[in-house]
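Notes follow once the structure below has been shown.
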Amino acid sequence: MIRVKNLYNRYQTKESTIEVLNDISIQCEKNEFVSIIGPSGCGKSTLFKIIAGIINDYEGQIEVQGSIIYMHQNDNLMPWRTIYRNIMLPYEIKKTDPDGTFINQLIKEFELDGFMELYPHQLSGGMKKRASLLRAYLTDCDIMLLDEPFGSLDALTKQNMYKWLLDIWSKHKKTVLFITHDIEEAIYLSDRIYVMGKRPATIVDEINIEFKRPRNSDMLLGQQYLEYKKRLMESLAK
Ligand code: ADP
Ligand code: MG
1228 MIRVKNLYNR
1238 YQTKESTIEV
1248 LNDISIQCEK
1258 NEFVSIIGPS
1268 GCGKSTLFKI
1278 IAGIINDYEG
1288 QIEVQGSIIY
1298 MHQNDNLMPW
1308 RTIYRNIMLP
1318 YEIKKTDPDG
1328 TFINQLIKEF
1338 ELDGFMELYP
1348 HQLSGGMKKR
1358 ASLLRAYLTD
1368 CDIMLLDEPF
1378 GSLDALTKQN
1388 MYKWLLDIWS
1398 KHKKTVLFIT
1408 HDIEEAIYLS
1418 DRIYVMGKRP
1428 ATIVDEINIE
1438 FKRPRNSDML
1448 LGQQYLEYKK
1458 RLMESLAK
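Its first residue numbered 1228, the sequence shown is counted upward by one per residue in the numbering used here.
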């Protein structure tokens, strides 16, 4: 679904040139859940912006089969719109009418029932993320690029969001490319993890996570988890 080959990118500032991506190659198959983990500032968001077509200044090959939605790091709900009017934005843009029954079912599934007439500032962090994910979801896409969607949430909320995201992902058969800097999160969610090194970043490791699905949090207590974690920590330190 996504193939990135020998990707190079740099930013030009007034004083200097910052080399960001230095020969990145990754791929993500249909219905796969792939994470990219790497230190802050290494170029993860830049990689997503290139895949999403927001940055066009790069060298290398990008091949994407299917439609993409890119949910960037800061949830981008419009503060002046109610949650309902935020999540209906994809329909306004497409100028089509939503199927009411379908929308109502999804609102329940995304646990946003009863909050539709509120404004973003009236919702908890987790709810805002879910609203933002629902809007992304309604954008009719095959591939979701999620850039640290749970970065600012507390540990307990995160655990709930993981269960919920995996549920949605398996039920609706999406392909997910997921950015995180959280090792536990990457292991818990992914089929495969790419590790990006420090800037100028290349891929320093690729790990298949063999835990069976559905995942459960007990998997994070065993020997296998510790082995994955150790390897990721070593790769991140490279
Ligand atoms: P990450 O998402 O991994 O934290 P980013 O992709 O946001 O990293 O940024 C990678 C590097 O590129 C950082 O060092 C950042 O300072 C630099 N950078 C990002 N955007 C710009 C820009 N528009 N102009 C100049 N430098 C930038
Ligand atoms: Mg980023």
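Even glycine gets a Cβ: it sits at the ideal position worked out from N, Cα and C. All values reported here derive from a predicted model rather than from experimental measurement.
How is F1377 classed by DSSP in three states: helix, strand or coil?
coil
Name the one or two DSSP bridge partners that L1372 has.
Y1297 and L1404
Please determine if the stretch 1293 to 1300 and the stretch 1349 to 1367 are in contact, where contact requires at least 3 C-beta pairs separated by less than 8 Å.
yes
Use the C-beta contact count for F1377: other C-beta atoms within 10 angstroms, 16 or more gives buried, fewer gives exposed.
buried
Less than 8 Å between the CB atoms is what I'm expecting for D1409 and V1422, so what's the real figure, rounded?
At roughly 13 Å, the Cβ-Cβ gap does not stay under 8 Å, so D1409 and V1422 are not in contact.
Check this for me: beta carbons of C1269 and L1404, under 8 Å apart or not?
no
Exposure label - G1327; buried when at least 16 CB within 10 Å:
exposed
What number of angstroms, rounded off, separates the C-alpha of K1465 from the C-alpha of G1424?
7 Å
Touching or not, the stretch 1274 to 1291 and the stretch 1319 to 1335, by the rule of three or more beta carbon pairs under 8 Å?
For the pair of segments examined, the stretch 1274 to 1291 was found not to touch the stretch 1319 to 1335: the number of CB pairs separated by less than 8 Å stays below three.
Environment of L1448 [buried if 16+ CB atoms lie within 10 Å]
exposed
Does the stretch 1244 to 1260 come close enough to the stretch 1340 to 1353 to have 3 or more Cβ pairs within less than 8 Å?
no
Nearest residue (CA-CA) to I1420, options E1437, N1283, K1232 and M1388
Ranked by Cα distance from I1420, the options E1437, N1283, K1232 and M1388 are led by E1437.
For S1243 and Y1389, the rounded distance between their alpha carbons:
40 Å
Return yes when the Cβ of M1228 is within less than 8 Å of the Cβ of D1369, no when it is not.
yes
Check your reading: residues with Cβ closer than 5 Å to the ligand ADP heavy atoms
Y1238, V1247, S1267, G1268, C1269, G1270, K1271, S1272 and T1273
With distances taken Cα to Cα, identify the nearest neighbour of E1339 among I1253, D1367, G1265 and I1310.
Checking the sequence, you will find Leu at residue 1339 rather than Glu. It is I1310.
Going by the C-beta, is E1375 closer than 7 Å to any heavy atom of the ligand MG?
yes
Could you check if I1320 is buried or exposed, using at least 16 other CB atoms within 10 Å of its CB as the buried criterion?
exposed
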